[in-house]
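Per this note's numbering, the sequence shown starts with residue 192, numbered consecutively.
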Amino acid sequence: MNIALPPEMEQKITLLAQEAGTSVNGYLSAVVSRLPEPKLSHEPADDISAKLHQWQAAEGSPLLPDTSARTLFSRWRAEDALTSEEERQREYALWTEIEKSLQNQPGLVL
192 MNIALPPEME QKITLLAQEA GTSVNGYLSA VVSRLPEPKL SHEPADDISA KLHQWQAAEG
252 SPLLPDTSAR TLFSRWRAED ALTSEEERQR EYALWTEIEK SLQNQPGLVL
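Following this line, the structure appears as structure tokens:
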């Protein structure tokens with residue numbers, strides 16, 4: 192791999208590698224190894240599944256251990272298709288009321 196860097200950046204990297212007592216390649220390898228792993232999935236459902244698993248592991252009590260976010264979204268779409276307009280309006284009014292109530296809580300950040 193070749194990377195075109197401005198001369199001052201090349202010099203900075205070279206000096207940092209020397210200070211660390213390693214080659215430029217060794218220094219850059221060490222720096223890159225500390226970077227976060229790239230996301231391999233750009234599917235929102237997959238990202239949400241990963242977050243759910245992370246939260247479940249942190250809580251120690253899985254909410255839906257065998258249900259993927261993709262499956263949940265499918266279920267919710269099917270449920271939404273059966274929801275009447277009147278039910279939608281009631282739910283929207285409820286959530287609007289909840290949101291207003293939460294906004295009035297001092298120190299709560301939404």
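A virtual CB, placed ideally from N, CA and C, is assigned to each residue, including glycine. No experiment lies behind these values; they were computed from the predicted model shown.
Roughly how many angstroms lie between the CA atoms of Gln296 and Ser265, to the nearest whole one?
34 Å
Alpha-carbon to alpha-carbon, Gly212 and Arg225:
Their Cα atoms are separated by approximately 18 Å.
Nearest candidate by alpha-carbon position, reference Leu263, set Glu278, Leu243, Pro227 and Glu228:
Leu243
Determine the direct distance from the alpha carbon of Ile239 to that of Val223, and round the result to whole angstroms.
26 Å
Cα-Cα separation, Gln294 to Gln280
21 Å
Please report the distance separating the alpha-carbon of Leu206 from that of Val215.
9 Å
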